[in-house]
Amino acid sequence: MTGRPPSGAPVFGSVSGAPSGVAAAAGPPTPAVEGVDADAALAKVIVGLSPNGVLVTDASGLVRTFNQALCRMVPLVPDPIGRTPIDALPIPAIAEALSPGRTDEAEFPLHVGRIDLLVRVVPLGAGLGRLCVVQDVSRLRQAERYRQEFVANVSHELRTPATAIAGFAETLLHDPELLAPPAVRMVETILRNSRRLTDLFDDLLQLARLDAMDTPPPLQELALKAVVDEVFDKHAAQAVERRIRLVASLSDTIWVLAHREAMQHLLGNLVSNGIKYTEAGGEVQVRARPRHAGVIIEVIDNGIGIDPTHHERIFERFYRVDRGRARSAGGTGLGLAIVKHLAKSMKATVEVRSRPGRGSTFRVWIRGGESGGASA
13 MTGRPPSGAP VFGSVSGAPS GVAAAAGPPT PAVEGVDADA ALAKVIVGLS PNGVLVTDAS
73 GLVRTFNQAL CRMVPLVPDP IGRTPIDALP IPAIAEALSP GRTDEAEFPL HVGRIDLLVR
133 VVPLGAGLGR LCVVQDVSRL RQAERYRQEF VANVSHELRT PATAIAGFAE TLLHDPELLA
193 PPAVRMVETI LRNSRRLTDL FDDLLQLARL DAMDTPPPLQ ELALKAVVDE VFDKHAAQAV
253 ERRIRLVASL SDTIWVLAHR EAMQHLLGNL VSNGIKYTEA GGEVQVRARP RHAGVIIEVI
313 DNGIGIDPTH HERIFERFYR VDRGRARSAG GTGLGLAIVK HLAKSMKATV EVRSRPGRGS
373 TFRVWIRGGE SGGASA
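Under our numbering, the first residue of the sequence shown is numbered 13, with each subsequent residue one higher.
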């Protein structure tokens with residue numbers, strides 16, 4: 013039941029926790045008590061007027077107070093005061109987050125009917141219970157969906173002509189004798205930039221698909237060496253063109269819990285980055301070892317490196333350390349953002365260690381499969 017407070021129940025419980033009538037029995041209020049009462053009254057007004065739903069439990073985990081905004085967002089039973097959260101609010105995720113034995117903070121999305129909600133639960137302190145704040149983010153989610161659809165549609169529509177331009181340019185270059193030398197250079201520039209546009213649209217489409225996923229991809233046990241071999245096969249031509257050596261330093265017995273396509277894309281982006289930003293004659297190495305009930309995967313190059321001042325931001329969309337060099341290398345500025353998104357979808361983490369002139373190491377921690385991943 014939503015839309016109005018539960019019948020017969022007060023919208024607020026006691027803010028101070030003291031039984032009603034205690035102040036009157038104790039005699040005339042002192043200025044200090046009047047100040048406390050004024051603060052309590054102000055707190056009630058603020059919570060009552062808040063556009064966000066609010067629910068507070070006491071130290072024993074029983075509902076102590078709530079506001080009308082909460083009633084408009086989630087179903088509350090009649091007379092919820094003094095009940096356990098699961099009895100007052102039959103939503104297991106919220107009830108579990110309000111468990112009196114918990115002392116951590118929790119934040120998670122929730123979908124109730126046609127409403128998109130963001131739930132945040134925090135402890136109030138020792139012996140004071142927990143606070144649940146529910147925010148209606150339906151308009152934000154709708155705007156985000158519109159943005160994702162726009163990016164996906166535009167990228168798809170623009171990719172088609174970019175692919176056609178690249179195809180015609182390749183055809184012209186297959187018979188360069190038909191073109192004057194200056195025209196050959198022009199067509200080569202057209203081909204290079206049309207390929208770059210195609211790569212950009214592919215990355216935008218990939219990000220749009222990742223953003224639109226309501227649930228994480230299904231995970232399975234994968235032999236990591238096989239995935240790395242597939243990635244190397246895909247990027248072999250790129251490595252040969254730039255005279256980069258690809259090295260796999262890992263055992264056939266290492267298994268990870270991952271989604272095959274996501275893992276291929278994640279490692280592929282890191283290997284491709286290493287190839288792009290390593291000078292001719294360099295090396296890109298992938299190595300792995302079991303660690304902490306999972307597997308540490310490292311993609312290492314001996315390229316130009318990255319100044320530590322950029323480490324916090326290189327996983328942001330369109331962030332480039334050196335825009336001129338990134339353009340000349342054919343980067344889109346989205347590869348590492350996709351890596352971070354894919355890692356998060358597989359409950360993995362990714363970090364970078366790098367210094368200018370000393371190459372870069374991108375380190376991924378991912379859960380190990382029972383067939384091979386082990387603690388160390």
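Glycine is no exception: its CB is placed at the ideal position from the N, C-alpha and C atoms.
For clarity, every value in this text was computed on a predicted model and none was experimentally measured.
Going by the CB atoms, is the gap between GLY294 and ILE256 shorter than 8 Å?
Cβ atoms of ILE256 and GLY294: closer than 8 Å.
Straight-line CA distance for GLU382 to LEU234?
Cα to Cα, the separation comes out at about 10 Å.
When the distance is taken between beta carbons, is LEU236 closer than 8 Å to TRP267?
Going by C-beta atoms, TRP267 is nearer than 8 Å to LEU236.
6 Å CB neighbourhood of GLU119 in its chain, flanking five on each side removed:
Counting only Cβ-Cβ distances below 6 Å, and skipping sequence neighbours, we find ARG132.
Under 8 Å between the Cβ atoms of GLY315 and SER372?
Their beta carbons are under 8 Å apart, which means GLY315 touches SER372 by this criterion.
Report the three-state DSSP secondary structure of VAL333 (helix, strand or coil).
In the structure shown, VAL333 sits in coil (DSSP, three-state: anything other than H, G, I, E or B).
Are VAL66 and PRO92 closer than 8 Å when you measure CB to CB?
The answer is no: Cβ separation not under 8 Å.
Kindly list the residues whose CB is nearer than 6 Å to the CB of ALA251, restricted to its own chain and excluding five residues on each side of it in sequence; keep chain order.
Spatial neighbours of ALA251 in its own chain (CB-CB distance under 6 Å, excluding positions within 5 residues in sequence) are listed in chain order as LEU258, ILE287.
Taking the alpha-carbon positions, what's the ASP241 to ALA105 distance?
The straight-line gap separating the alpha-carbon atoms of ASP241 and ALA105 is approximately 41 Å.
Alpha carbon to alpha carbon, what distance is there between PRO229 and GLU94?
First, the amino acid is wrong: residue 94 is Gly here, not Glu. Rounded to whole angstroms, GLY94 to PRO229 spans 40 Å at the Cα level.
Nearest CA to the CA of PRO87: which residue from SER111, ARG299, VAL59, HIS123?
For PRO87, the nearest C-alpha among the options comes from HIS123.
If we ignore side chains and look at the alpha-carbon of each, how far apart do ARG221 and HIS353 end up?
Taking the straight line from one Cα to the other gives about 11 Å.
What is the residue span of the alpha helix (DSSP H) that HIS168 lies within?
Counting along the chain, HIS168 sits inside the alpha helix (DSSP H) bounded by residues 150 to 185.
Mind checking if GLU156 is an interface residue toward chain B, Cβ cutoff 8 Å exclusive?
Protein chains in the displayed structure number just one, and chain B is not present.
When you compare each of PHE327, ARG151, ILE350, GLY369 to GLU363 by their alpha carbons, which one comes out closest?
Scanning PHE327, ARG151, ILE350, GLY369 for the CA closest to the CA of GLU363 turns up PHE327.
Taking the Cβ atom as the reference point for each residue, do PHE213 and VAL311 lie within a distance shorter than 8 Å?
The Cβ atoms of PHE213 and VAL311 do not sit closer than 8 Å to each other.
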